[in-house]
Each structure stands twice: as structure tokens, then as C-alpha cells.
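First the structure, in the form of C-alpha cells, and then the observations on it.
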Amino acid sequence: MQIRRYSKDLPSDSLVRIFGARAGGFALDSTQLVDTLGTWSFYGADPFQRIECGSGDGGADLADLRKWMALYGNRSKWLPADSQSVRMPFLGGAVGFISYDYGRCLERIPNQAIDDLSIPHFSFGLYDRIVAKDTVSGAVYLIASEVRESAQRSFEYLEECLESSDRCDLESRAFSFKDWNWDTSKADFCQSVEAIKAMIAQGEVYQVNLSRRRSVSFNGSALDLYLALREGNPAPYSGFYRGEGLTLISTSPEQFLKKTGDALVTRPIKGTRPRGKDKAEDERLADDLKLSEKDRAELLMIVDLERNDLGRVAEFGSVSADTEYRIEYYKSVMHATAEVRAKLAKDCDIFDAIHALFPGGSITGAPKVKAMAAIDYLEPHRRGLYCGSFGYIGFNQDAELNISIRSLLCRHEQLYYSVGSGIVWDSDPEDEYAETEAKGAAIEATLKALE
13 MQIRRYSKDL PSDSLVRIFG ARAGGFALDS TQLVDTLGTW SFYGADPFQR IECGSGDGGA
73 DLADLRKWMA LYGNRSKWLP ADSQSVRMPF LGGAVGFISY DYGRCLERIP NQAIDDLSIP
133 HFSFGLYDRI VAKDTVSGAV YLIASEVRES AQRSFEYLEE CLESSDRCDL ESRAFSFKDW
193 NWDTSKADFC QSVEAIKAMI AQGEVYQVNL SRRRSVSFNG SALDLYLALR EGNPAPYSGF
253 YRGEGLTLIS TSPEQFLKKT GDALVTRPIK GTRPRGKDKA EDERLADDLK LSEKDRAELL
313 MIVDLERNDL GRVAEFGSVS ADTEYRIEYY KSVMHATAEV RAKLAKDCDI FDAIHALFPG
373 GSITGAPKVK AMAAIDYLEP HRRGLYCGSF GYIGFNQDAE LNISIRSLLC RHEQLYYSVG
433 SGIVWDSDPE DEYAETEAKG AAIEATLKAL E
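In this note's numbering, the protein residues as written are 13 to 463.
Here's what the structure looks like:
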């Protein structure tokens, strides 16, 4: 393992373009600092191996990835943490996504929703040569894990890629969108809300996150689309991933799981308000969010769920959570968030932790398994990448994964995105439908503004 400071401080959009245009390109691209989130960005391409499990495999298991990570992790010459001149959380490993529907391999979920897109349960590339950028200082670093080749050869490859930044042609960013469609009508959505309220009345569930999917024909470059969106929607878990036959574009603000050593953290989001037109309105909206009993109750419910999930893999007595939630500010919205922490038990690893928490409670409901069953029964199509996770798992098993909300899937010249609403006992179907319409309209307006 070797780390070298690059001679130039390249802008992030150049790094996205350099690596995103190559086979297997990725950008874990923190475009906004929030608290301690988003301090590093990572870029790479040309993975030396892909590990993928198709959507039709009901026996899918991340243990397949665990096996290969153990093999290559043993080959890599890891630096002790205290010997690193620069501390960075990711030094090579797996980058990719876990589909929301991987959850059906972990829990007994009815197989009702149509699998029309055939998104893999998970897809990861293994990368032993990557570029890291300190988003605070702007410094760029080359990282060679020495899994398949010498550090010198890896540095030569990375420097050749970075030198191509001078030759990167800026494309016209010409986009066109047509044939906008929802997969769920107003009548069907409102009927589903009533069905969930009936389940709540019967004590089967307390909350269910119900979503609708939008699709649109897309003509243009997915990479250029991401570059345009990252400018207008900065977030700590933005990213781009070029998979086999699909591209993932993320502007997610939400952390699913972070592991550093034996420390585990998850940060669920519940509660959203728009940003104000001025400071006074911003403060009023933030106070409204802080004082909202509904938002507080929903967040505390999810925090309790996450505490229980973490407890399955945590050292006894180590699970803790914020007693008060915090407000995180983004360009167009603010969110109520909380942090749940634990110490990983000695007989567990990162894959056990993922299995214990996946999918995130904030995008399913509570109790989780019952909520997932309701989602599968009421939503017409499998969610795929929506509400899954995207990020990295290092050869040393440190990891950071987002929850893939505010994300786009580009596949076969179509864009797909989903929006949802948390349904509780007093939800009004018309209001919940209007919320999904408003969220969908905001994304549509953002895309149309790029034409």
C-alpha cells in the first residue's frame, strides 16, 4: 500500500469526467460538507474484478463479496492507521450498489412486485488503484493497494489518467426528455394509502413509506447529466457509477451505514422543509421542523428501529443514539436527522452489519419486515436501486454507504426515479399524493431546465 500526493489540485468535475468516462468508472463525489460528512471524495475506473448477483437469484448473499474481499485484503499491504501521513477512510476495495430488493434475500417478503428492470441484487467492482480528494484542502492523492501490480505501475496508470484532464473535451451537455410517465395513478396511490391506514388500525404496522416511480425517455450523456445535477443539488453522498448496462446517478443526502474500525454509525433522515427565501424565513421553517410532533415521532420511531437493528451485531451495551435530532441544511431543503452509534461485536464483520440494517428503516417503515411486505404488495414494480445503497467497502472492511434517494437510474435510454411519502395513521390520501406530485415535479423541473 502506497499513497502519493499528486502535483496538481484538480477540480472535482474534472476528476468525475476523467474516471466517469472510462469502463467501470465511479465517483464517490462529496459535493457538500455537512457536519463531518463529505470531507473526502474518491474516483476510479477499470476494476480488476466485478462481483454481481442477478435479480432472479433468491439465494443471493453478500458472502460472495466477503470471500473475495478477504482474499484480496490479505494480499494488500495495509499501512497501520498511525503510519498514514494523511488519514483517509477508503484506500481501495469494492465500490458499487446494493439494490433495495436484496432485502428480500434477507427477510421473508412476498414476491408480488413486478421485476421489470432486472436490476442486480448487488453489483460491485474491485479497485486497487484510486484517486482521493480532500474536499476541504483540495489536495489530490494517488492510492495504490498493490493487489494486482506494483505501486509504481498503479501510479503510472493514475497519472496517465489525470494528465488526460488537459485533453478532456467538454461536451455540449445537450439533453432531451420526453414521454414522462408514472407507474401509479392517483386513484391507485390513494387506495394504497387507505390500505396502509387499515393495516395501522389493525396494529400490523405503525408507518409505511409508499413510493411512485417516474420514467422518461432520455437522449444525452449520463455523465454530463450527473455533472449538471451535482452543480444544482450538492450533497455529501453524491456519486456516479457506471455498471454493466446501467448507470447510477446519486445526489443523496442520507447515510445508511459507516464503519471505521469497530465503530458503526447510521444517520436516518425524517422530516423535510424547503429553504426559506431569506434568513428569517429559514429560521422560521427550521423552528417549525424542530417543533413538529409528527416529524419528531416518525424520526424517533426510526431511531428506535435502527437501535434494535444495530443491537443485533453490536457489543453488548454499546448502542447509543442522539436524544435530540439535528437540522441539516442543503441548497433547497433542510432535514431532521439523528445519529445512532454502536461498537461492532468481535464475532461480526461489515457484512453482518449490512445484513442487520438493510434496507434502511427510514425508507421502509416500522416494523421493518411488515412494512417491506406492504411495500411489495402495494407498489407495482420492484424498487431496484431506489432506496438501496451505494458506496464503498474497503479491503480492510471499513465502509460508507448511502441510502439511494434522490437518485436516477439510466438504462436503455430511459431515466427512472422514484419519490415517496411516509404514511401514518392520520395521513390524508390526497395530501400524500400531492406530496409525491410536488417531489416529482421538482425533479422534472430540474431536468427540463437542462434542455
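Even glycine gets a Cβ: it sits at the ideal position worked out from N, Cα and C.
State the beta-bridge partners of residue i as determined by DSSP.
i      : result
GLY403 : GLY108 and LEU413
THR263 : SER250
VAL431 : ARG224
THR272 : ALA275
ASP146 : TRP52
GLU340 : HIS347
GLY323 : For GLY323, which the question treats as bridged, DSSP gives no partner whatsoever.
TYR114 : Partner(s): none; TYR114 has no beta bridge.
GLY137 : ARG62 and VAL107
THR284 : HIS347
ILE155 : ILE15 and ILE142
LEU40  : PHE54 and GLY251
GLY377 : VAL220
ASN193 : SER227
Mind checking residue i: buried by the 16 CB within 10 Å criterion, or exposed?
i      : result
GLU295 : exposed
SER130 : exposed
ILE126 : exposed
HIS133 : buried
HIS367 : buried
LYS145 : buried
LYS271 : buried
ARG17  : exposed
LEU83  : exposed
ARG120 : exposed
PHE328 : exposed
GLU336 : exposed
ALA93  : Confidence in ALA93 is poor, its pLDDT being 46 and thus under 50, which makes the residue's placement unreliable; the coordinate value appears in the next sentence. Exposed.
SER188 : exposed
ASN231 : exposed
ASP300 : exposed
GLY406 : buried
ASP321 : buried
GLU463 : exposed
ASP113 : buried
ASN123 : exposed
Within the same chain, show all residues whose beta-carbon is closer than 8 Å to that of residue i, passing over the 5 residues directly before and after it, in chain order.
i      : result
VAL28  : ALA39, ASP41, TYR55, LEU235, TYR238, LEU239, ARG242 and PHE252
ARG287 : ASP294, LEU297, TYR341, TYR342, LYS343, SER344, VAL345 and MET346
ASP361 : ARG78 and GLN409
ASP76  : ILE63 and CYS65
SER95  : The predicted model places SER95 with a pLDDT of 43, which falls under 50 and marks its position as unreliable, so this point remains unresolved.
TRP192 : ARG226, SER227, VAL228 and GLU456
Counting only the same chain and skipping the five closest in sequence on each side, list residues whose C-beta sits under 7 Å from that of residue i.
i      : result
THR196 : ARG224 and PRO392
ALA365 : LEU269, LYS271, LEU276, VAL325 and LEU356
ALA207 : LEU390
GLU216 : LYS382
VAL220 : ILE208, GLY377, ALA383, ALA386, ILE387 and ILE435
MET313 : TYR218, GLN219 and ALA378
Going by beta carbon distance, what residues of the same chain come within less than 6 Å of residue i, once the five residues before and after it are set aside?
i      : result
GLY452 : ARG226 and VAL431
LEU413 : PHE268, LEU269, SER401 and GLY403
GLY396 : SER111, LEU129 and ILE131
THR1   : Nothing about residue 1 can be read from this structure; the chain reaches only from 13 to 463.
SER166 : ARG141 and ALA156
TYR249 : SER264 and ASN414
ALA450 : none
PHE363 : LEU74 and ARG78
LEU427 : VAL228, PHE230 and LEU420
ARG394 : ASP113, ALA125 and ASP127
Do residue j and residue i count as a contact pair if the criterion is CB distance below 9 Å?
i      : j      : result
GLN267 : ARG279 : yes
ARG353 : SER374 : no
MET100 : TRP52  : yes
SER233 : ALA247 : no
LYS282 : GLU310 : yes
GLY36  : ARG254 : yes
THR43  : SER26  : no
VAL315 : ALA292 : no
LEU464 : GLU171 : This structure gives no information on residue 464, because the portion of the chain shown stretches from 13 to 463.
Between the options, which lies nearest to residue i when the distance is taken from Cα to Cα?
i      : options                           : result
SER19  : PHE31, GLU442, VAL143 and ALA247  : VAL143
PRO265 : TYR112, LEU258 and ILE417         : ILE417
VAL436 : LYS306, LEU312, SER250 and ALA348 : LYS306
TYR398 : ALA454, CYS65, GLY115 and PHE230  : GLY115
THR259 : LEU421, PHE60 and ALA199          : LEU421
LEU369 : LEU317, TYR218, ILE387 and ALA386 : LEU317
ALA33  : ALA411, ALA106, ASP58 and ALA163  : ASP58
PHE31  : ASP334, TYR139, PHE363 and ILE455 : TYR139
CYS202 : MET313, ASP321 and SER439         : SER439
GLY273 : PHE102, GLY50, THR43 and SER24    : PHE102
GLY137 : GLY104, SER24 and GLY50           : GLY104
Taking only beta-carbon positions, decide if residue i is within less than 9 Å of chain C.
i     : result
PHE31 : Annotation note: the requested chain C is absent from the structure, which comprises a single protein chain.
Using a threshold of 8 Å, is the CB atom of residue i nearer than that to any non-hydrogen atom of the ligand SAH?
i      : result
SER227 : The ligand SAH is not part of the structure shown, which contains no ligands of any sort.
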